[in-house]
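Numbering (UniProt numbering), first residue to last: 1 to 167.
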C-alpha cells in the first residue's frame, strides 16, 4: 500500500556516506534509523530512480540544491534525496551535484525503504531492477504533510518549486 498524506513514515533505515568523521558518525557509509532522524523535524524528501540518470542529474537534484535556502527559510530543517543506490554512489553523486551539506544523499541500496513506502517501481525493462518512483514529500515529526508522486516517466510535480509552493 502506498503511503499517503497523514500517514506516519514506516520503520526502516537509510545509509549516507559521511565525508568527515564526527562523534557518532564514522567516515564512510553510516546507516541511520529513519524514525530517529525525523523526530521533531520538518524534512523535505524527494525520491528518484537513480544517481547519474538524466532527469535526476539535470533537473531533480539541482532544483533542490538551488532552492534549499528558500525551503529552509520556510521552516524545513533538512532536505533528503532517496535513491536505490549504495551509499558510495550517493556520496559521489552528491559531490558531483554540489549537494554536500545541502541535501542529504540517502541510499536505499536494496529498495527496502522504497518498498515500505509503497513507492518502488520495476525498472527491469531498462536493466535497472527495482527502483524508487519519482516523488517528493514534506514530513513533519515523521508524519507526511504533502505528497507528490509523478506518473510514469514525468517530472512535473516532484520538483523543488512545487514543494516550496506547498509550504
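Just so you know, even glycine gets a beta-carbon here, dropped at the ideal spot from N, CA and C.
Which class does residue i belong to by DSSP, given the choice of helix, strand or coil?
i	result
residue 63	helix
residue 37	helix
residue 177	The shown model of the chain, from 1 to 167, leaves out residue 177, and the question about it has no answer.
residue 23	coil
residue 28	strand
residue 147	strand
residue 53	coil
Given a cut-off of 7 angstroms, decide if residue j and residue i are closer than it, judged by their beta-carbon atoms.
i	j	result
residue 139	residue 5	no
residue 134	residue 158	yes
residue 13	residue 87	no
residue 114	residue 46	no
residue 112	residue 84	no
residue 48	residue 60	yes
residue 74	residue 147	no
residue 91	residue 17	yes
residue 242	residue 99	The structure shown has nothing for residue 242, since the chain only spans 1 to 167.
For residue i and residue j, I'd like the C-alpha separation in whole angstroms.
i	j	result
residue 39	residue 82	18 angstroms
residue 2	residue 117	6 angstroms
residue 71	residue 125	36 angstroms
residue 51	residue 156	19 angstroms
residue 69	residue 7	27 angstroms
residue 103	residue 93	11 angstroms
residue 97	residue 160	15 angstroms
residue 63	residue 23	31 angstroms
First and last residue of the beta strand (DSSP E) that includes residue i?
i	result
residue 42	42-48
residue 158	From DSSP, residue 158 is part of no beta strand (DSSP E); its letter is neither H nor E.
residue 1	Run containing residue 1: none; DSSP gives neither H nor E here.
residue 135	135-140
residue 16	13-18
Kindly provide the ranges of any alpha helix (DSSP H) runs that are 4 or more residues long and lie completely inside the segment 55-132, ordered along the chain. 61-66, 68-73, 87-96, 112-117
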